[in-house]
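See structure below.
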Amino acid sequence: MELKISLNEKMMHEIEDLSKMLDIKKIELVRKLIAYAIKEWKLEHAISLYSNNKISLGKACKIAGVSTWEMIDALQQKGISIHYNLEDAKEDIKKIIKMV
């Protein structure tokens, strides 16, 4: 799949500088930066929904694509308290049953 984008001069210079510093092609760098940004955005979005009580911890993990422990760590780093409800317990029980 192909995607064409236009970047301002400052961004192009940043990409050129980083690609030289890391000794990788510009396209490789852009792919890595996009992948990183997507992962971070998903995590931040899930944290926002969770902290506003719109989704459960399990759903936040699914949205972010991280484990429960990674999500708990991310929440703690942001000073967000963890609430564990019936829906979370049901999801955990389903996971345990699948393992057995």
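With positions in the sequence shown counted from 1, the corresponding number in the working numbering is that position plus 247.
C-beta: ideal position from N, C-alpha, C; glycine also.
Just so we're clear, the structure is a prediction, and the values are computed from it rather than from any experiment.
Margin query: I need the boundaries of the alpha helix (DSSP H) containing Ile343, first residue and last residue.
Written below: Counting from 1 along the sequence shown, the entry for residue 343 is found at position 96. Ile343 -> alpha helix (DSSP H) spans 333-346.
Next item on the list: Find the nearest neighbour of Asp320 within the set Glu334, Leu333, Leu304, judged by alpha-carbon distance.
Entry: Position 73 of the sequence shown holds residue 320. Comparing Cα-Cα distances from Asp320 to each of Glu334, Leu333, Leu304, the minimum goes to Leu304.
Notebook entry, point to check: Is there contact between the segment 294-303 and the segment 323-332, where contact requires at least three CB pairs shorter than 8 Å?
Noted result: At 8 Å Cβ cutoff, the stretches touch.
Checklist line | Coarse secondary structure for Ser253, derived from DSSP in three states | finding: To locate residue 253, count along the sequence shown from 1; it is residue 6. Ser253: coil per DSSP, three-state reduction.
Margin query: Taking 8 Å as the cut-off, does the segment 285-293 touch the segment 248-264 (at least 3 CB pairs, one atom from each stretch)?
Written below: No, the segment 248-264 does not touch the segment 285-293.
Check: Since Ile294 is in the alpha helix (DSSP H), which residue starts that stretch and which ends it?
Finding: One-based indexing of the sequence shown puts residue 294 at position 47. Per DSSP, the continuous alpha helix (DSSP H) segment holding Ile294 begins and ends at 273-298.
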